[in-house]
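Using this note's numbering, the first residue of the sequence shown is number -1, and each one after it goes up by one. Comments concern the structure below.
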Amino acid sequence: MTGAKTGLSFPVWEIGTEGIVTRGAADPELLGELDPGTAVASPIEYDFALTRAGKMVLARGKVAVRSRFQCSRCLKEYESDVVEPEVFAEFTVTSPEQIIDLTGIVREYTILAFPVKPLCSEECRGLCPSCGRNLNLGPCGCSGRVPDSPFAVLE
-1 MTGAKTGLSF PVWEIGTEGI VTRGAADPEL LGELDPGTAV ASPIEYDFAL TRAGKMVLAR
59 GKVAVRSRFQ CSRCLKEYES DVVEPEVFAE FTVTSPEQII DLTGIVREYT ILAFPVKPLC
119 SEECRGLCPS CGRNLNLGPC GCSGRVPDSP FAVLE
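Here is the structure:
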């Protein structure tokens, strides 16, 4: 591999037979709009090795970002590192002037690494369904009776 570079776009001719390494930090704005309760708290760090293989360019690497989430059980906001350690992409080379752009790959793998159901901890007890108190702070003291559902007559 040749020396390390920064950036997410490379002309194929620059990659060469030895390949290149690129690492750096991308603007979190490239992720676009995220789910409510999810925010990016740092630039997206990336580290890739690009290699030529015949008429293909292979990209292998990882992405990482510090993010803020809202716990899906207790609604508390918390920060966590999101890391995707195995990013892989293939690009078909159609011309020596072709540009290999990793922006979409970084975006996709970062978003896919976000938790589907964010939890502040595996032990999170959530909210009391009756009074709404955060049960991680202790018992609520209410009767614990769940209010009747308007759909109860359907059971």
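From the three backbone atoms N, C-alpha and C, an ideal C-beta is built for every residue, glycine too.
List the DSSP bridge partners of residue i.
i	result
ASP99	SER7
LEU125	ASN132
GLU75	GLN68
THR90	MET54
GLU106	DSSP, once it has assigned bridges, lists no residue as partnering GLU106.
Please classify residue i as buried or exposed, where buried requires at least 16 other C-beta atoms within 10 Å of its C-beta.
i	result
PRO9	exposed
CYS140	exposed
PRO148	exposed
ILE42	buried
SER65	buried
VAL114	exposed
ALA39	exposed
PHE89	buried
LEU29	buried
With H, G and I counted as helix, E and B as strand and the rest as coil, what does DSSP make of residue i?
i	result
LEU48	strand
PRO113	coil
PRO137	coil
Do you know how far the Cα of residue j is from the Cα of residue i?
i	j	result
GLU31	ILE98	24 Å
VAL81	ASP45	12 Å
ALA23	VAL91	26 Å
ASP25	LEU6	11 Å
LYS53	LEU135	59 Å
SER103	GLN68	Per the sequence shown, the amino acid found at residue 103 is Ile instead of Ser. So the two alpha carbons sit approximately 26 Å from each other.
CYS138	THR108	38 Å
LEU117	GLU16	43 Å
What distance in whole Å lies between the Cβ atoms of residue j and residue i, which are believed to be in contact at a cut-off of 8 Å?
i	j	result
VAL85	ARG58	7 Å
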